[in-house]
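Written out below as structure tokens is the structure these notes cover.
Residue numbers (the numbering used here), protein chains in the order written: chain A, 61 to 161; chain B, 2 to 261.
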């Protein structure tokens, strides 16, 4: 399993998202290496189809397919909670679903 | 760096999503004025905007006015354009005024760094509280109502018990802060292309006296706002052309590189 963790340093959500990802991996007993990549420029955001920070892909698939096609940008990414509220990090359920597929 | 407590509110005259212009004087009757550096696109702003509307409604009868100001660069963040502001305000039923600071002057004067970031001014328009709306972006996890507590104190003629907290959110999107690939730029120490590095050591700048003098002027020139990677435009008075200097580290660890 290949896990990519893409982030933009100016958005403060990436440490929380990374910690949540590690937590889910440990809780599920998944021994997978996480490749971190810091997106620094608009060109990189375009090239990597980076819709915002953080973006997490499992075997190339975004953990939140709905938000994956947003315009590439150096920005904080929006995730939606089941009740419709927004969050700057994905939910535990989104991560679990992506990792256990 | 943001303005300090007691600092007077900045003068402004900005278009609002209601189609009217709003100035500092137009809020002259308010017992307290809450300016919130804000925008459309940021998830932190969106997570807090209902709570900001609730505060605006709850304190309206006590003479408090809540004003959100969007200063973001709409050219690079089109979700933050004035038209999109109008749409979002209408769709979400904002209970606060929402103003567009296209010149980014208010953000610069406030030294705002994040969205959302609160600046509460008392009856005399001195800064009484600065920072976060409360202590959790998840409204179910809120235990400290910083802004409400500060408003209660200010309206009672007291100083807030907590007057400064860290604002957690997206960065203000400054114009000229468009991140471009470094490959096309000279790196510190590079020569031979007409580019003269002023300093190259990010920890202990080996800057020329002229460069060090320049560094001392940077915070004042930008109201104290200097960030890693920021391209500066306000250097006319320093004898440099706009966009000629790039900040690649914090002020205390500054390295300056002249760019074409």
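Glycine included, C-beta positions come from ideal geometry on N, C-alpha and C.
Check                                                                                                                                                         : Outcome
Beta strand (DSSP E) containing residue 101/B: first to last residue?                                                                                         : 98–101
Measuring straight from C-alpha to C-alpha, what distance separates residue 44/B and residue 61/B?                                                            : 26 Å
Quick one: which chain A residues come within Cβ less than 8 Å of residue 133/B?                                                                              : Simply none; closest approach about 12 Å.
Which first and last residues belong to the alpha helix (DSSP H) in which residue 82/A is found?                                                              : 74–87
Pick helix, strand or coil for residue 13/B, following the three-state DSSP scheme.                                                                           : coil
Can you give me the C-alpha to C-alpha distance between residue 93/A and residue 135/A, rounded to a whole angstrom?                                          : 25 Å
Identify which residue in 77/A, 157/A, 137/A and 125/A has its Cα closest to the Cα of residue 96/A.                                                          : 77/A
Are the beta-carbon atoms of residue 73/B and residue 174/B separated by less than 8 Å?                                                                       : yes
With a threshold of 16 other CB atoms inside 10 Å of the CB of residue 121/A, please say whether the residue is buried or exposed.                            : exposed
Can you give me, in chain order, the residues of the region 68–99 of chain B that have a beta carbon less than 9 Å from any beta carbon in chain A?           : 77, 78, 79 and 80
Under 8 Å by Cβ, that's how I've got residue 113/A and residue 73/A pegged, so tell me the actual separation to the nearest angstrom.                         : 7 Å
First and last residue of the beta strand (DSSP E) that includes residue 122/B?                                                                               : 118–122
Is residue 116/A close to chain B? Criterion is C-beta to C-beta, closer than 8 Å.                                                                            : no
Would you call the region 152–168 of chain B in contact with the region 123–141 of chain B, where contact means no fewer than 3 C-beta pairs closer than 8 Å? : yes
What residues are listed by DSSP as bridge partners for residue 22/B?                                                                                         : 16/B
Threshold first: 3 residues or longer. Then list the beta strand (DSSP E) segments lying entirely within the region 36–85 of chain B, N to C.                 : 65–71
Suppose only complete runs of 4+ residues qualify. What are the alpha helix (DSSP H) ranges in the region 98–145 of chain A, listed by chain order?           : 102–107 and 125–128
If we cut at 8 Å on Cβ distances, does residue 279/B have a partner in chain A?                                                                               : Residue 279/B lies beyond the residue range present for chain B, which begins at 2 and ends at 261; the question has no answer from this structure.
I'd like to confirm the pairing. Which residues does DSSP put opposite residue 1/B in its beta bridges?                                                       : This structure gives no information on residue 1/B, because the portion of chain B shown stretches from 2 to 261.
Whose C-alpha, out of 79/A, 117/A, 124/A and 132/A, is nearest the C-alpha of residue 100/A?                                                                  : 132/A
Kindly indicate which three-state DSSP category residue 107/B falls into: helix, strand or coil?                                                              : helix
Among 95/B, 11/B and 6/B, which has the Cα closest to the Cα of residue 58/B?                                                                                 : 95/B
Do residue 32/B and residue 126/B have their CB atoms nearer than 8 Å?                                                                                        : no
Exposed or buried, residue 159/A, counting other C-beta atoms within 10 Å across all chains shown (16 or more means buried)?                                  : buried
Alpha carbon to alpha carbon, what distance is there between residue 12/B and residue 25/B?                                                                   : 6 Å
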